[in-house]
Amino acid sequence: MSIILTEAEAKALLQKVLKYSKADECEANILGEERGNLRYARNEVSTSGSLINQNLSVQSAFGKKVGVATIDEFSDESIERCVRRSEELAQLAPENPEYVSVLGPQTYGKSNGFFESTAAVTPDVRADAVAKSLELSRAQNLTAAGFLENRKGYSAMMNSKGLFAYYPSTNVNFTLTVRTPDGTGSGYVARGYSDIKKLDTAAATTIAIQKAKGSMGAKALEPGKYTVILEPTAAVVLLENIFFGMDARSADEGRSFLSKPGGKTKLNEKIVDERVNIYTDPANPELPSSPWSGDGQPLNKMSLIEKGVVKNMFYSRYWAQKNNVKPVPFPSNVIMDGGTATLEEMIKSTKQGILVTKLWYIRSVDPQTLLQTGLTRDGTFYIENGVIKHPVKNFRFNESPVIMLNNLETLGKPERVVSTESDQNYLIPPMKIREFTFSSLSDAV
Amino acid sequence: MQMSGMGIGAMMLPSVPVIGNPVSAEHLLESWMDAADKKKLTEIALNAARSKGATYTDVRIGRYLQQYLFTREKQVQNIVNAESYGIGIRVIANGTWGFSATSDVTADGIAKCAATAVAIAKANSKFQKEPVVLAEQKGVGDKVWKTPIVKNAFEIPVREKIDLLMNVNNKALEGGASFVTSNLFFVNEQKYFASSDGSFIDQDVHRIWPTFTVTVTDKAAGKFKTRDAISSPMGMGYEYLDGIASEKIAGPNGLVGYRNSYDMVEDAVTAARQAKEKITAKTVQAGKYDLVLDPNHLGLTIHESVGHPTELDRVLGYEANYAGTSFATLDKWQSKNFAYGSKLVNIVADKTQPHTLGAVGYDDEGVPCKEWDIIKDGILVNYQAIRDQVKIIGEKESHGCCYADNWNSVQFQRMPNISLKPGAEKRSVMDMIKGVEKGIYIIGRGSYSIDQQRYNFQFGGQVFYEIKNGELTGMLDDVAYQSNTQEFWNSCVQLCDKDDYRTFGSFFDGKGQPGQVSAVSHGSSTTRFNGVNVINTGRRI
């Protein structure tokens, strides 16, 4: 049997798993995936490889005593052993006061995240895609280091109350850094798609080359507060700290940026500029993602921040039950609406400012205010009177994405980006921000 | 970790990489195949790869065991017993690397995997101009190495571990914590390495990390502060948790440092007290301060500002697309007079120091491990290098610091232990503080960020004490220091002696694409740096 099961094959396998169960409740999750990658540096292949993986996880519960066991082979004997082991573990486990009974059958929306084009990628396809990129950098005597990874896989689940879910997906991520031979210029590009047909490694390489050459001869500017234009690749690594931090329990417990003095939370309060709309939509064709969460809850289009107001925080099923509210599962994708401005228009309307194309090494400094630190990297430019005047040396910043989204000037057109911190894909617009805090200079290129 | 691209729900889990599949605790102790059977399987791989055209092959059969326990307040959140078992085959064909891995460890599965590794190497060789050349490594024959543990953590009943964590949580709550999470991480890598050079190496590696976070909230004011454990991950067994008195180092104001034995309950009590103190601590005034840095803090600064920039693969550009390159370029090393730090700064690399995370007998290329100098009397004298790169610095033997975090990951250059030697003169922490007029004493790992060439960094900590005229005057808050690596290490003016020497560790150090973790220790004694720029990180939203 193939590693990547069809919906019917996954259903039949899961039915077999549940037949062995003697527990009060049983829930089984399976996944299978094939991955391949090509890594290169100094214009040469460095390491590259492939990986096949499959996994069955069985959760058995007797009352509130829960056990989980997992196995990576799917023979009848192995499956039965896995079910028995999860039951043994459950019998030995202390009661989990936060255990919530498994869900009954659910209805899920449609999301097409599986593309035959990506599923069919071979080592030669990867090598050809990379060769197109390498030719360009070699021809201009520039040094390229990049990474191309493709993946196809599926996940499925079933439980003793009759819930069944299945989702197949593919994706390809391509990232590239091009440096000038003297080490004074560096440019970056990242592309992520579900359908590899959309990946044009040559076009992407042209952008990294342009940034590498354009960033040579950077001048130092004094650190301080500047108007910045953040390209989506730069903006997303700050914004994802907002998404990650929207857990209701932490806010209720008084240990979140969404906690308020007096013990309340900022749910339904305006925390950022009213033009900020952030939501999830698994069915978005540009960013398809799983229409169900790991515990089988349906994931549908849902607002997180609407017109600057916190519309939803994430409630686990336990915390929702305790607080008598509806559970809100963590989403499978995140999208931020933008405006209509192009990056060029945003530059043109800037009297004085800095174009930031990438941010690096983002770390939380204070979880109370979501203050983050990190640095600009691989192409930072000074803008004066609507034109890029010259590259500038990299800065360290200390800034909170909440403060940043209150200092919003303009939003551009959203595009699919890959986070350089989490590797996740998002749809995020470029954005112009005033009074962004740069606190020191870096000599790094 | 293996779910990326399938949705971001997984990000709600505690942010630790779990490699492999959950299994029962008892299963982790079940016997595995003996070395002779492993050798037979690796020979299938070596032969299959050679027959397809590989000129070099190495094979790693790995069984990776992890037991992670997560609790909060009065309850157990999760117990993960994970096992990952499979084979990874790395080849050179047409002068190009290829790698493939499979969990199908049968003769047929291994042969197919070897063929895939060669096919990948050949596909990629089409645009390879510079063939891979390995430093010579004579086969070492059949060898065995094991972490010298006293108590195998996997043999300790889960109940005993839960009781410990519940005791930690209770003591923190009794001490005024609003919330507490506590965790235990245990890792056992059972790996069998074979290469076409004629090495067959069986290793059994153990690691441990106990840790917690205490949170104190002031709901009325809408404030919260945390204090993390000041334990260190170690290359030890469960004996690290014995908390024996002779391994405690008395510091100023009743503070305690832990050497090779950790008292988790005692630290939790201190943490609750300190987290409460942090709520009302004075906000720091930005400016220049002399910093007195505890080993449990300084370890991360060493890691980021010396460990990473002296990785030869970074220096050469192999990590340019992700972690970055390095300011410590070859010309600086060649000059033989690049003052990385003051004359007091002596930094050694090693994979041999007992109790450390980096200690193994052989690296994942079959090279015997050793110790070597990186910075001597302040001067940059060497790098960290493996077989395919060490020729670039004119050496004939690999340094033995190649590592893969799993059978399904390809091995590459990873940081050995990188440690600052203690001072030769007798000096305690109290002696050091006495000499500081305006300073800050920093303990514990906090926020950290550094640029891609390792010039500019910013570090926080867990607790900060103001030093005025040779005395600790109280706790400070909102502290972070920013500096430039060379400037910082040249401001090193004083070291405590060997009695204060301890190791700090990083259990999940990330590098590479696809990302891999590794565990590494950094030893030092308390050290003083003069005139470092401190910023105030307090904000309002």
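Protein chains in written order, with this note's numbering: chain A, 108 to 552; chain B, -2 to 538.
Idealized CB from N, CA, C, for every residue including glycine.
Whose Cβ in chain A lies nearer than 7 Å to the Cβ of residue i?
i: F409 of chain B; result: T154
i: P511 of chain B; result: N144, E256
i: N405 of chain B; result: L158
Does chain A have any CB closer than 8 Å to the CB of residue i?
i: S446 of chain B; result: yes
i: N121 of chain B; result: yes
i: T349 of chain B; result: no
i: Q455 of chain B; result: yes
i: Y452 of chain B; result: yes
i: E127 of chain B; result: yes
i: R536 of chain B; result: yes
i: G4 of chain B; result: Caution applies to G4 of chain B, whose pLDDT of 27 falls short of 50 and renders its modelled position unreliable; the value that the coordinates give is listed next. Taking Cβ atoms only, chain A reaches closer than 8 Å to G4 of chain B, which makes this a yes.
i: M9 of chain B; result: Residue placement at M9 of chain B cannot be trusted, given a pLDDT of 30 that sits under 50; the coordinates are not used to answer.
i: A116 of chain B; result: yes
Checking contacts by CB at 8 Å: is residue i closer than that to chain B?
i: I159 of chain A; result: yes
i: G370 of chain A; result: yes
i: N501 of chain A; result: yes
i: G403 of chain A; result: no
i: L534 of chain A; result: no
i: F169 of chain A; result: no
i: S109 of chain A; result: no
i: R191 of chain A; result: no
i: L450 of chain A; result: no
i: P204 of chain A; result: yes
List, in chain order, every chain B residue whose beta-carbon is nearer than 8 Å to that of residue i.
i: K367 of chain A; result: G219
i: D231 of chain A; result: A120
i: A238 of chain A; result: K123, F124
i: W467 of chain A; result: G321, D448, Q449
i: A234 of chain A; result: A120, N121, K123, F124
Does DSSP put residue i in a helix, a strand or coil?
i: G535 of chain B; result: coil
i: W94 of chain B; result: strand
i: F409 of chain B; result: strand
i: I198 of chain B; result: strand
i: D506 of chain B; result: strand
i: F485 of chain B; result: helix
i: I385 of chain A; result: strand
i: Y425 of chain A; result: helix
i: W330 of chain B; result: helix
i: A382 of chain B; result: coil
i: Q74 of chain B; result: strand
i: M453 of chain A; result: helix
i: H352 of chain B; result: coil
i: K279 of chain B; result: strand
i: F151 of chain B; result: helix
i: T544 of chain A; result: strand
i: P511 of chain B; result: coil
i: S218 of chain A; result: coil
i: I159 of chain A; result: strand
i: R87 of chain B; result: strand
Report the neighbours of residue i on chain B: residues whose CB is nearer than 7 Å to its CB, in chain order.
i: S359 of chain A; result: Note on residue identity: the sequence assigns Asp, not Ser, to residue 359 of chain A. By Cβ distance, chain B contributes nothing, its closest Cβ being about 10 Å from D359 of chain A, past 7 Å.
i: G253 of chain A; result: N318
i: D473 of chain A; result: T534, R536
i: P201 of chain A; result: V73
Taking C-beta pairs closer than 9 Å, name the residues in chain A that residue i reaches, listed in chain order.
i: Y539 of chain B; result: This structure leaves residue 539 of chain B out entirely; chain B is present only between -2 and 538.
i: E422 of chain B; result: Those do not exist, as E422 of chain B stays about 34 Å from chain A at its closest Cβ, beyond 9 Å.
i: S100 of chain B; result: I159, N160, Q161, D179, E180
Going along chain A in order, which residues have a C-beta closer than 8 Å to the C-beta of residue i?
i: W94 of chain B; result: V152, S153, T154, S155
i: E314 of chain B; result: One detail in the question is off: residue 314 of chain B reads as Gly in this sequence, not Glu. Neighbours of G314 of chain B on chain A, chain order: A148, R149, T250, A252, R286.
At 9 Å on the CB atoms, spell out the chain B contacts of residue i, in chain order.
i: G415 of chain A; result: None at all; the shortest Cβ gap to chain B is about 13 Å.
Task: Short-range partners of chain A found in the region 72 to 87 of chain B, where Cβ spacing is below 7 Å - done: Of all residues in the region 72 to 87 of chain B, Q72, V73 have a Cβ within less than 7 Å of some Cβ in chain A.
Open item on the list: Tell me which residues of the region 476 to 495 of chain B have at least one Cβ-Cβ distance to chain A shorter than 8 Å, keeping chain order.
Closed with: Hits within the stretch, in order: A477, Q479, N481.
TODO: Residues of the region 279 to 291 of chain A with a CB closer than 7 Å to any CB of chain B: list them in chain order, please.
DONE: Result list: T282, L283, T284, R286.
Task: Contact residues within the region 326 to 350 of chain A, judged by C-beta distance below 7 Å to chain B - done: For the region 326 to 350 of chain A, the set of positions with a beta-carbon nearer than 7 Å to some beta-carbon of chain B is empty.
- [ ] Mind checking the region 503 to 515 of chain A against chain B and listing, in chain order, the residues whose C-beta falls within less than 7 Å of any C-beta there?
- [x] Under the 7 Å Cβ criterion, the region 503 to 515 of chain A contributes R503, N505, S507, V509, I510.
Open item on the list: Threshold first: 3 residues or longer. Then list the beta strand (DSSP E) segments lying entirely within the region 330 to 363 of chain A, N to C.
Closed with: Along the region 330 to 363 of chain A, the beta strand (DSSP E) occurs as fully enclosed runs of 3 or more residues at 331 to 337, listed in sequence order.
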